[in-house]
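Participant: Next up is a structure, given as structure tokens.
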């Protein structure tokens, strides 16, 4: 075999070497934006007006003797609705010396149950919010709603709630806007969106004997118009439901007041009228031995809340 002249070793071919291994070119995944977390929408209902909105009905008369509210329904309401919460301001400008109409409010949303009406010497009162929550929970079980209640007993629309008097001391329209604004900020502080789906109005007793129905409606339209302008960014695209409840025959001028409300409701599909003439006011005999004829009794107040809810539900279900 041929030898290498310098080493004397047999001449060999250099060892074959494999080409250096190469990694396939790295491929970069296409750039994608991180998924945007869904924004939670909190549905809001305004409840406002005078004493039958505040609530003078006594829990102790439930279940009622007429059998409208069963014990099973009553126990559910008493347990409360954790998915339907309320924040409220009752009688904000009244004084403690004025008895039942003393100011009372909460600063956070709390589950709806009994106890958020006027503060009597004894007993627990409630407003339409209990029947409202019952019906909403039945139709939308587990879904969340937030009620903002601003109401004052004995109040009138022509002066105290009148937007034309905005800026004057103790104007309830200004107070409602301020309280609602603060409540909405609480609901949206975590990035959630609030949507005002309905405005419920239980009032008119303080005006029926003083002004024509046409004038009442004109002022009410100004109140709603101002409210919607203030909270335009919170309104659904199809508009919020606006619900007016009628007043009882206890009040002079009730027929013309209720007729004006009915006529108003017929002009737009988002407007609703709730009849109350069949709601009882004399089935709860109080410790004085008298019925409170100015206010709905316990069972009737539940029914009033149910009827409000029917209007809200109809509006929510409209495409």
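In our numbering, the protein residues as written are -14 to 304.
Glycine included, C-beta positions come from ideal geometry on N, C-alpha and C.
This one's a predicted model, so the numbers in the text were calculated from it and none came from an experiment.
(1) If we count Cβ pairs, one from each stretch, closer than 8 Å, do we get three or more for the segment 55 to 69 versus the segment 195 to 202?
(2) State whether the segment 31 to 46 contacts the segment 137 to 146, with contact taken as three or more CB pairs (one from each stretch) at a distance under 8 Å.
(3) Does DSSP put residue 77 in a helix, in a strand, or in coil?
(4) Apart from the five residues on each side of it in sequence, which residues of its chain come closer than 7 Å, Cβ to Cβ, to residue -1?
(5) Please state if the CB of residue 77 and the CB of residue 190 are separated by a distance shorter than 7 Å.
(6) Take every Cβ of the segment 168 to 187, pair it with every Cβ of the segment 22 to 33, and state whether three or more of those distances are shorter than 8 Å.
(7) According to DSSP, simplified to helix, strand and coil, what is residue 278?
(8) If you pair each beta-carbon of the segment 141 to 158 with each one of the segment 95 to 105, do three or more pairs fall below 8 Å?
(9) Assuming residue 181 contacts residue 216 (C-beta within less than 8 Å), just tell me the rounded distance between them.
(10) Between which two residues does the beta strand (DSSP E) carrying residue 229 extend?
(11) What would DSSP say about residue 193, mapped onto helix, strand or coil?
(12) Identify, in the order they occur along the chain, each residue of the same chain with its Cβ nearer than 6 Å to the Cβ of residue 285, setting aside the five sequence neighbours on each side.
(13) What runs of the beta strand (DSSP E), each 3 residues or longer, lie entirely inside the segment 115 to 198?
(14) Candidates 70, 47, 79, 93: which alpha carbon is nearest residue 103's?
(15) According to DSSP, residue 110 sits in a beta bridge with which residue or residues?
(16) Take residue 289 and list the residues in its own chain whose beta-carbon comes closer than 8 Å to its own, dropping the five residues that flank it on each side.
(17) According to the Cβ coordinates, are residue 239 and residue 193 closer than 7 Å?
(18) Let me know the secondary structure DSSP gives residue 64 once reduced to three states.
(19) Around the C-beta of residue 110, are 16 or more other C-beta atoms found within 10 angstroms, so that it is buried, or is it exposed?
(20) Nearest CA to the CA of residue 304: which residue from 257, 48, 277, 222?
(21) In terms of DSSP beta bridges, what is residue 98 paired with?
Facilitator: Let's see:
(1) no
(2) yes
(3) Your numbering for residue 77 matches position 92 in the chain shown. If DSSP states are grouped into helix, strand and coil, residue 77 belongs with coil.
(4) Taking the chain shown and counting its residues from 1, one reaches residue -1 at position 14. Interpretation of residue -1 is limited by its pLDDT of 49, a score under 50 that renders its predicted location unreliable; the figure taken from the coordinates is listed afterwards. Result list for residue -1: empty, nothing under 7 Å.
(5) Within the chain shown, residue 190 is the residue found at index 205, counting from 1. Within the chain shown, residue 77 is the residue found at index 92, counting from 1. Against a cut-off of 7 Å, the Cβ pair of residue 77 and residue 190 comes out as no contact.
(6) yes
(7) Residue mapping note: residue 278 aligns to position 293 of the chain shown, counting from 1. If DSSP states are grouped into helix, strand and coil, residue 278 belongs with coil.
(8) no
(9) For this step, residue 181 is matched to residue 196 along the chain shown. For this step, residue 216 is matched to residue 231 along the chain shown. Indeed, because the Cβ distance is near 6 Å, the residues count as touching under 8 Å.
(10) The count along the chain shown starts at 1 and reaches residue 229 at position 244. Looking at the DSSP string, the run of the beta strand (DSSP E) that includes residue 229 is 226 to 230.
(11) Taking the first residue of the chain shown as 1, we reach residue 193 at position 208. Coil.
(12) The residue you call residue 285 lines up with position 300 of the chain shown. So the list reads 264, 265, once near-sequence residues are dropped.
(13) 130 to 136, 178 to 187
(14) Residue 103 sits at position 118 when you count from the first residue of the chain shown. Minimum Cα distance to residue 103 is reached at 79.
(15) By one-based count along the chain shown, residue 110 stands at place 125. Answer is 43, bridged to residue 110.
(16) The residue given as residue 289 occupies position 304 in the chain shown. The answer, listed in chain order, is 37, 113, 116, 187, 230, 259, 261, 264, 281.
(17) Taking the first residue of the chain shown as 1, we reach residue 239 at position 254. Taking the first residue of the chain shown as 1, we reach residue 193 at position 208. Yes. Within cutoff.
(18) Your numbering for residue 64 matches position 79 in the chain shown. Looking at residue 64 - three-state DSSP - the assignment turns out to be helix.
(19) Counted from its first residue, the chain shown places residue 110 at position 125. The residue in question, residue 110, is buried, as its Cβ has 16 or more Cβ neighbours within 10 Å.
(20) Stepping through the chain shown from its first residue, residue 304 is reached at position 319. Among 257, 48, 277, 222, the Cα nearest to that of residue 304 belongs to 222.
(21) The sequence position of residue 98 within the chain shown is 113, counting from 1. Looking at the DSSP assignment, residue 98 forms no beta bridge with any residue, so it has no partner.
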